[in-house]
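So that you can map any letter, position 74 of the sequence shown is 74 in UniProt numbering, and since no number is skipped, the others follow by simple counting.
Backbone N, C-alpha and C define an ideal beta-carbon position, used for all residues, glycine too.
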Amino acid sequence: MGISHSKLGKLGDYLERARRPTSELDEIISMCDRHLTNLVQTLNSCRENVSEFRSILVEIKTAASVGKYAAANAAEDNDPAAKEKDADTDSVEDND
């Protein structure tokens with residue numbers, strides 16, 4: 001059993017030069033494979049978290065935008081000068 005050391009490239013060369021027994025090399029390779037698997041799982045988890053964060057950020061921006069629009073409308077509704085200006089604009093449009 002084991003992985004062909006000739007297919008490992010530079011790592012295989014280094015391990016062969018270290019004159020490690022084949023079983024020890026297989027153990028090192030197996031350990032590296034486990035670490036790689038863990039890294040891939042961690043990377044995928046990070047990608048999911050980034051995607052979720054982006055979605056939440058879009059929701060926050062949308063809510064903030066809607067809130068600003070609602071606040072501007074509420075301020076305009078409570079501003080007598082704005083109401084008078086709107087009434088003047090409406091009457092000018094009616095006269096056209």
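For residue i and residue j, I'd like the C-alpha separation in whole angstroms.
i           : j     : result
Ser55       : Lys61 : 10 Å
Ser65       : Ala74 : 14 Å
Glu52       : Asn38 : 21 Å
Ser30       : Thr22 : 12 Å
Leu57       : Arg47 : 15 Å
Tyr14       : Asp33 : 17 Å
Met1        : Ile28 : Reliability of the predicted coordinates at Met1 is poor, the pLDDT of 39 falling under 50, and no value is obtained from them.
Glu59       : Asn49 : 15 Å
residue 172 : Gly67 : A query on residue 172 cannot be resolved here, the shown segment of the chain reaching from 1 to 96 and no further.
Leu11       : Gln41 : 23 Å
Determine the burial state of residue i: buried for a count of at least 16 other Cβ atoms within 10 Å of its Cβ, exposed for fewer.
i     : result
Leu43 : exposed
Leu36 : exposed
Arg17 : exposed
Go ahead and pull the three-state DSSP assignment for residue i.
i     : result
Ala18 : coil
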